[in-house]
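Peer 1: Please see the structure below; I have some questions.
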Amino acid sequence: MTPFTLPDFQQLQQLIQSRTTADVEQALNSKHPTIHDLAALISPAAEPMLPEMARRSALLTAQRFGKTTQLYAPIYLSNYCTNRCAYCGFSASNRIARRCLTLDEAEAEAEILHGRGFQHILLVSGEAENAVDVEYLEAIALRLRGRFAAVSIEVQPLSTAHYARLFKAGITAVAVYQETYDPEMYKQVHLSGKKADYHYRLETPARVAAAGMREVGIGALLGLTDWRAEGLALGLHLAWLRKNFWSTGVTVSFPRLRPAAGAFEPLVPVSEQNLSQLIFSLRLFDPDVGLLLSTREEARYRDGMLGLGPTRYSAGSCTAPGGYSHPEQTDGEQFSVGDERSVEEVILAIAAKGFDPVSKDWDSAFQS
Ligand code: SF4
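Note that this note's numbering has the sequence shown beginning at 120, numbered continuously upward.
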């Protein structure tokens with residue numbers, strides 16, 4: 120299989136900027152949108168048609184996913200990291216309180232989330248193999264196995280053999296975001312550590328899928344460079360994964376930069392309108408793709424986007440290791456969240472819009 124490669128980032132930008140109103144109309148009417156259609160939907164020429172894009176995106180989302188919103192919560196296992204990423208609170212350059220949960224502590228965090236009704240958890244860590252290695256992840260997976268419908272990880276890139284081992288232990292999905300598909304910007308913000316290898320990271324989703332994982336999550340950190348070109352690169356990556364690994368589900372995330380230790384400021388602002396255009400475009404491009412909207416975004420925006428394209432929301436999230444057991448300790452978090460509501464409040468907001476959070480345990484969680 121030929122590895123995934125991208126055209127020159129500037130070429131992507133040029134393709135987008137050359138799209139016209141007629142191209143957008145054609146894209147909107149296309150039954151099987153191409154990458155050129157995606158370029159049109161993401162382009163400035165599509166901005167006046169955003170309400171129509173929202174309408175069609177909502178229609179497709181309802182057809183494919185019904186009136187449901189899947190909920191998940193992250194568990195931060197460790198904030199040790201050997202990389203220096205300019206935008207991240209966990210960067211090795213930042214002087215923050217560091218800790219790695221013991222297996223018992225990780226299980227206690229999971230128990231709290233289980234008690235709140237979560238059936239889907241995401242195990243997150245900084246990238247430091249001496250703190251979180253495959254044995255540690257395997258041991259946690261084996262402890263949690265059978266208690267959750269889905270246990271995903273977002274940790275350092277691993278080998279195909281290690282992913283296969285974790286799948287066997289009960290991990291069902293892996294999220295690995297490229298952060299930016301622009302190689303030049305990638306170099307500028309990944310200052311040192313293994314993550315500085317752009318190509319190794321780019322090839323990671325393929326290793327995840329080759330290992331037989333049920334799902335792989337890709338994404339770009341919005342605010343580093345031209346969001347439109349990042350969106351087109353995401354579309355190309357998504358289409359390549361679909362073509363080569365038809366049995367692995369793919370999700371896409373759109374994390375916008377949030378305040379974090381190190382006080383990194385977004386280099387290119389991305390407005391809520393921009394984010395919405397990107398989400399609608401990807402839904403129209405691939406009606407079956409899972410689209411995630413995390414608590415990085417504010418409650419008002421997340422509520423407004425319900426049913427319009429995203430299919431999975433995080434809720435009640437804490438981004439510091441041990442944060443559910445010790446909510447008073449905020450030192451050592453990766454970033455400050457935008458939606459600070461409790462999971463019960465998020466459920467109420469979802470229900471008020473006529474949607475159901477997907478989990479068989481929600482009723483009992485709600486009543487307890
Ligand atoms: S983004 Fe990931 S790899 Fe980079 S510093 Fe943060 S935790 Fe480490």
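For each residue, glycine too, the CB sits at the ideal point set by N, CA and C.
With distances taken from each beta carbon to the nearest heavy atom of the ligand SF4, which residues come in below 6 Å, in chain order?
Peer 2: Ordered along the chain, the selected set is Cys200, Asn202, Cys204, Cys207, Phe209, Ser210, Gly245, Glu246, Lys314.
Peer 1: Write down every uninterrupted run of the beta strand (DSSP E) in the segment 368-396 whose length is 3 residues or greater and which is fully enclosed by it, in chain order.
Peer 2: Fully enclosed beta strand (DSSP E) runs of 3 or longer: 368-372.
Peer 1: With a CB to CB cut of under 7 Å and the five nearest residues on each side skipped, what residues in its chain are close to glutamate 391?
Peer 2: Here residue 391 refers to the residue found at position 272 when the sequence shown is read from its first residue. Here the set comprises Tyr420.
Peer 1: May I have the straight-line CA-CA distance separating valine 308 from valine 387, to the nearest angstrom?
Peer 2: Looking up residue 308 in the sequence shown gives position 189. Looking up residue 387 in the sequence shown gives position 268. Going by the C-alpha atoms only, they are around 13 Å apart.
Peer 1: Can you give me the C-alpha to C-alpha distance between aspartate 345 and glutamine 132, rounded to a whole angstrom?
Peer 2: For this step, residue 345 is matched to residue 226 along the sequence shown. For this step, residue 132 is matched to residue 13 along the sequence shown. The alpha-carbon atoms of aspartate 345 and glutamine 132 are separated by roughly 8 Å.
Peer 1: Which partner residues of glutamate 298 appear in the DSSP bridge assignment?
Peer 2: Reading the sequence shown from its first residue, position 179 is the one you call residue 298. Note: glutamate 298 sits in a beta bridge opposite Ala339.
Peer 1: Residues in its own chain within less than 6 Å of proline 429 by CB, not counting five upstream and five downstream?
Peer 2: The residue you call residue 429 lines up with position 310 of the sequence shown. Leu410, Leu412.
Peer 1: Over what stretch of residues does the alpha helix (DSSP H) that includes threonine 140 continue unbroken?
Peer 2: Indexing the sequence shown from 1 puts residue 140 at position 21. Annotation: the continuous alpha helix (DSSP H) that includes threonine 140 extends over 140-148.
Peer 1: Taking Cβ positions, are alanine 211 and asparagine 202 nearer each other than 8 Å?
Peer 2: For the purposes of this step, residue 211 is identified with residue 92 of the sequence shown, where counting begins at 1. For the purposes of this step, residue 202 is identified with residue 83 of the sequence shown, where counting begins at 1. Yes, the pair counts as a contact, with Cβ atoms nearer than the cut-off.
Peer 1: Looking only at C-alpha atoms, which of Thr299, Phe267, Arg320 sits nearest to proline 276?
Peer 2: Within the sequence shown, the letter at position 157 stands for residue 276. Relative to proline 276, the option among Thr299, Phe267, Arg320 whose CA is nearest is Arg320.
Peer 1: If you run the structure through DSSP and keep just helix, strand and coil, what is aspartate 316?
Peer 2: To locate residue 316, count along the sequence shown from 1; it is residue 197. Correct three-state label for aspartate 316: coil.
Peer 1: Is the beta carbon of threonine 291 closer than 8 Å to that of valine 270?
Peer 2: Taking the sequence shown and counting its residues from 1, one reaches residue 270 at position 151. Taking the sequence shown and counting its residues from 1, one reaches residue 291 at position 172. Their beta carbons are under 8 Å apart, which means valine 270 touches threonine 291 by this criterion.
Peer 1: For phenylalanine 404, which option in Phe123, Lys150, Ser278, Phe128 has the closest C-alpha, if you only look at C-alpha atoms?
Peer 2: As a first step, residue 404 must be located in the sequence shown, where it is residue number 285. For phenylalanine 404, the nearest C-alpha among the options comes from Lys150.
Peer 1: Check whether the segment 183-192 and the segment 429-440 are in contact - that is, three or more C-beta pairs closer than 8 Å.
Peer 2: yes
Peer 1: With 16 as the cutoff for other CB atoms within 10 Å, does asparagine 249 come out buried or exposed?
Peer 2: If you number the sequence shown from 1, residue 249 lands on position 130. Asparagine 249 is exposed by the Cβ-count criterion.
Peer 1: Leucine 357 and threonine 299 look like a contact to me (Cβ under 8 Å); what is the Cβ gap, rounded to whole Å?
Peer 2: Mapped onto the sequence shown, residue 357 falls at position 238. Mapped onto the sequence shown, residue 299 falls at position 180. Separation of the CB atoms of leucine 357 and threonine 299 is rounded to 16 Å, and the pair is thereby denied contact status at 8 Å.
Peer 1: According to DSSP, is phenylalanine 474 part of a helix, a strand, or is it coil?
Peer 2: Along the sequence shown, one-based indexing puts residue 474 at 355. Coil, per DSSP.
Peer 1: According to DSSP, is glutamate 349 part of a helix, a strand, or is it coil?
Peer 2: Residue 349 sits at position 230 when you count from the first residue of the sequence shown. Note: glutamate 349 maps to helix in three-state DSSP.
Peer 1: Count the C-beta pairs between the segment 225-232 and the segment 251-265 that are closer than 8 Å, then say yes if the count reaches three, no if not.
Peer 2: Short answer: they touch.
Peer 1: Leaving aside the five residues before and after tyrosine 305 along the sequence, list all residues of the same chain whose C-beta is less than 6 Å from its C-beta, in chain order.
Peer 2: Taking the first residue of the sequence shown as position 1, residue 305 is located at position 186. Here the set comprises Thr299, Tyr317.
Peer 1: Grab the span of the beta strand (DSSP E) containing glycine 423 for me, first residue to last.
Peer 2: On the sequence shown, position 304 is the one that residue 423 refers to. It is not in any beta strand (DSSP E) - glycine 423 instead sits in the alpha helix (DSSP H) that spans 418-424.
Peer 1: Using only alpha-carbon positions, find the residue among Glu447, Arg460, Pro406 that is nearest to arginine 175.
Peer 2: Working through the sequence shown from its first residue, we reach residue 175 at position 56. Out of Glu447, Arg460, Pro406, Pro406 has the C-alpha closest to the C-alpha of arginine 175.
Peer 1: Indicate whether proline 122 and alanine 325 have their beta-carbon atoms separated by less than 8 Å.
Peer 2: Indexing the sequence shown from 1 puts residue 122 at position 3. Indexing the sequence shown from 1 puts residue 325 at position 206. Remark: C-beta atoms of proline 122 and alanine 325 approach each other more closely than 8 Å.
Peer 1: Output needed for arginine 347: all residues of its chain with C-beta closer than 6 Å, excluding positions within five of it in sequence on either side, in chain order.
Peer 2: What you label residue 347 is simply residue 228 of the sequence shown in a count that begins at 1. Ile135, Ile161, listed in sequence order.
Peer 1: Can you tell me the Cα-Cα spacing of phenylalanine 383 and leucine 376, whole angstroms?
Peer 2: Position 264 of the sequence shown, counted from the first residue, corresponds to residue 383. Position 257 of the sequence shown, counted from the first residue, corresponds to residue 376. Rounded to the nearest angstrom, the two C-alpha atoms are 9 Å apart.
Peer 1: Just the Cα atoms here: how many angstroms apart are alanine 288 and glutamate 257?
Peer 2: Position 169 of the sequence shown holds residue 288. Position 138 of the sequence shown holds residue 257. C-alpha separation (whole angstroms): 6 Å.
Peer 1: Along the beta strand (DSSP E) that carries arginine 431, what are the first and last residues, could you check?
Peer 2: For this step, residue 431 is matched to residue 312 along the sequence shown. Unbroken beta strand (DSSP E) run through arginine 431: 431-433.
Peer 1: May I ask which residues mark the beginning and end of the alpha helix (DSSP H) holding tyrosine 507?
Peer 2: Nothing can be reported for residue 507, as the shown portion of the chain is limited to 120 through 487.
Peer 1: What did DSSP end up calling glycine 409 once you bin it into helix, strand or coil?
Peer 2: Here residue 409 refers to the residue found at position 290 when the sequence shown is read from its first residue. Strand.
Peer 1: Do you know offhand how far glutamine 453's Cα is from cysteine 207's?
Peer 2: If you number the sequence shown from 1, residue 453 lands on position 334. If you number the sequence shown from 1, residue 207 lands on position 88. Using only the alpha carbons, I get a separation of about 7 Å.
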